[in-house]
Each structure stands twice: as structure tokens, then as C-alpha cells.
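One structure is given here, and the rest of the page talks about it.
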Amino acid sequence: MTTAALRTTRFSVLDRSRTRQGRDPGEALRDSVRFARRAEALGYHRFWVSEHHSVPGVAGSAPTVLAAAVAAATSRIRVGTGGVMLPNHRTLVVAEQFGVLESLFPGRIDMGLGRSVGFTDGIRRALGTEKRAMEDFGGQLAELAAYFTDGPRAHPQVHARPAEGLRVPAFVLANEAGADLAAAAGAALVIGGLHGEERTLAAVARYRAAFRPSVWWDRPYVVLAGNVAVAATTEAAHRLLMPEAWSLAHSRTHGVFPPLAPAEEIASLAMTERERSLYEEGLRGHVHGTEDEVAAALEGLIERSGADEVLVTTSSYDRAGLLDSYARLARLAGLADRASGSERLRGGLDQVAHGA
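Going by the UniProt record's numbering, the residue at position 102 of the sequence shown is 102; the numbering climbs one at a time, nothing skipped.
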């Protein structure tokens, strides 16, 4: 089943470098780089990496460093962060890091930003921040923008080189409440849109109505983010989602987000009543199934939201099954055809530019 909305909407990947049970964390980072090459070959528009600190289940703790490795290993796909957690960092340093990335890989870098802080008091202390640092996220966004534009800022004599004068598109990772901050900052909105649809659609409408053009974007831009799993059967797609759902349930009952475990092992676990409830909750609200089932679900969601892009965030212990899922989704959306068409267009323009 191929539909118009799927064929015209951008699809991208957020990979969180999830560790797997019994595997070295370094392997997860190397897998991320290999995954980026595969995503580029499949025709995905962006490949983003995330920031987590002191989490056993996630190896990605330094997103701009990992983004540099991903960009160096690829040639066309846009590369960015989903996201750098601004309260954890000085805005000058963030501007400098993205200025370096954009200078090394011009026209390919995205600056995805979030307002989360460390998961525990200990992590926050180690990062030199605190919970209330999230309250000034809007001010941090404005301060960051000023470093790119040489606009008014607290330290007029300080310049973020080589960022100043560069245009790196900014994205704000937000929940329903954060949509207002994205609108005020003139940033693109990245919002979890594959469940809790009514609240998400209301937040998207509010964002579009309140959006103020900025150095980053001259119009609203909406990215829906969430898990999408595609397989030969609905049951096989469901199994891909099980490891992440159990990790989430475990974190909420034990305070530790663990590495991903095989679906077969999770299916045989003796869970407490609370663990079972949280696990089943974690399995709800995702887009999964056969190609026809996923196409129908995504088509409806894209049409109702008017989304410009879908950011797929699926992780799973089964790497082969996960890569197959992304390949099936790329085929549904015709991503390779679109990528080759863009490549032909660029080649034609190059020939014109050189008089050929």
C-alpha cells in the first residue's frame, strides 16, 4: 500500500545508541555510525543522536562528538542531535560546537535542543546544574541565537567562533507545553505524536498560531516523533517493541534504565503487577504492524497533523529485525526513489553551473 502523504513527507531517524544486554557500550556507538550509513543508503532525510548521562542502557553521552563521527562516515544525510540538553551546557560552548560541525560539514548539520536535566540529583550535581535550570529554557534559546547572529547578549565582547554568521537550523524537542517555547523562539517543533494524539494536535495548532519567524526558521515546521515498527507480521513488529517497553517499565520500578534484553527473555519474565502494568502501557500507542497496517496509520496521522516530517525513534535488541523495519518503512515511503531523484537534480544543476 503506497499513499500520497507517505510519498511526500520526510522521514528521519533518531538513534539513542541503546546498549544491549551482554554487549559492550562501545559497540552501541559503533552500531550508531553503521546505522547512519544504512539510513543514508535507504534515503532517510536526517540522522540524529541523543544525550543521556549515567544511564546503563544508553551509550550516547556526548551527542556533538558522536554527530561528528556520523557526519564523517556519511556524505549526504543531514546529521544532528535529538537533542543537546541546553540546561546542561553553557550556550557559548553549544554555539561553538555546532559552529565547528557546520564548518566541517556545511549544509548538513541540525541543532536539536531539549530542556531536560540529569535523571537524578547526583547526575545534576555532577553536571553543575539543577532541576530549576529548565525554567529558563526560553532565555537560553534566545542567548544561543544571539551567538549565531552577533545579537544583543550578556557578554557583548564575546564571540562564538566559528558559529557567528552561520545558519544552523534549530529544533526544539518538546511536549505539549514546550510547543509554546518553540513557537516563541522561532524554532522547528519536534513533538511525540504517535500517541496521545488529541493533546499533540492541539499543541501543534498552538505552535503554528504563535510561531514567530527567526534567524533559524521563517515558517513553522513540525516533526512528529515516535516508535514505528514494520515487519512481515503484526506479531513480529510487536516483538521489536518489547525490549524498549520492558526497559521503561524497569526504570520506573527500579530507578535504573537497563540495556535492552531479547524479546524472548522478556516474554518469560515473572513481572510484578506494577511492572506488568507499566510494561503493557509502554507497548501502547506506537505505530506497528505489517506494511499495509503501518502505511494506513501513518497516512492518517500525517493528514490530521499536517506534519512536515516524521522522526522514527525505534530501538530494539534485535538489530537485524530493526534494520529490516527501517528498510520496509523506507520502501513504503519511496525514500530511495526520492533520494535518487534529488541526486539527479543536483547533478543536472552542477552541469549547468559548469556549462556542461
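Beta carbons are placed, not taken as given, at the ideal position from N, Cα and C, and that holds for glycine. The structure presented is a predicted model; accordingly, all values stated were derived computationally and were not measured.
Taking 8 Å as the cut-off, the Cβ atoms of THR64 and LEU14 do not count as close.
Cβ-Cβ distances below 8 Å link GLU40 to PHE47, THR74, SER75, ARG76 and ILE77 in the same chain, with the five nearest sequence neighbours on each side left out; the list follows chain order.
Taking C-alpha positions only, ALA154 is separated from TYR147 by approximately 10 Å.
Looking only at LEU92, GLN157, PHE137 and ALA68, the smallest Cα-Cα distance to SER50 is reached by ALA68. Taken in chain order, the complete beta strand (DSSP E) segments of 3 residues or longer contained in the segment 212-273 are 222-226 and 228-230. With 16 or more neighbouring CB atoms inside 10 Å of its own CB, GLY83 falls in the buried class.
Per DSSP, the unbroken alpha helix (DSSP H) holding VAL94 starts and ends at 91-104. In the assembly as shown, LEU311 is a buried residue. Its beta-carbon has 16 or more other beta-carbons within 10 Å. Between ALA267 and GLN21, the alpha-carbon positions lie close to 15 Å from each other.
Residue environment analysis places GLU299 among the buried positions, since at least 16 neighbouring C-beta atoms fall within 10 angstroms of its C-beta. A buried status is given to HIS45, since no fewer than 16 other beta-carbon atoms sit within 10 Å of its beta-carbon.
Between GLY128 and LEU86, the gap from beta carbon to beta carbon reaches 8 Å or more. The DSSP assignment places complete beta strand (DSSP E) segments of no fewer than 3 residues inside the segment 123-207 at 170-174 and 188-192, in order along the chain.
With distances taken between CA atoms, PHE171 lies nearest to ASP218 out of ARG38, ASP218 and ASP337.
If you draw a straight line from the Cα of ALA245 to the Cα of LEU260, it is about 9 Å long.
Three or more Cβ pairs closer than 8 Å define a contact, and the segment 177-190 meets that threshold against the segment 207-227. GLN157 counts as exposed, since fewer than 16 other beta carbons sit within 10 angstroms of its beta carbon. Across the structure, ARG18 and ALA185 are spaced so that their CA atoms are roughly 31 Å apart. Burial of THR313 is indicated by the presence of at least 16 other C-beta atoms within 10 angstroms of its C-beta. The Cβ atoms of TRP216 and ALA296 lie no closer than 8 Å to each other. Boundaries of the alpha helix (DSSP H) around GLU40: 25-42.
In this structure SER32 is buried. Its beta-carbon is surrounded by 16 or more other beta-carbon atoms within 10 angstroms. Linking ARG328 to THR290 through their CA atoms gives a straight-line distance of about 9 Å.
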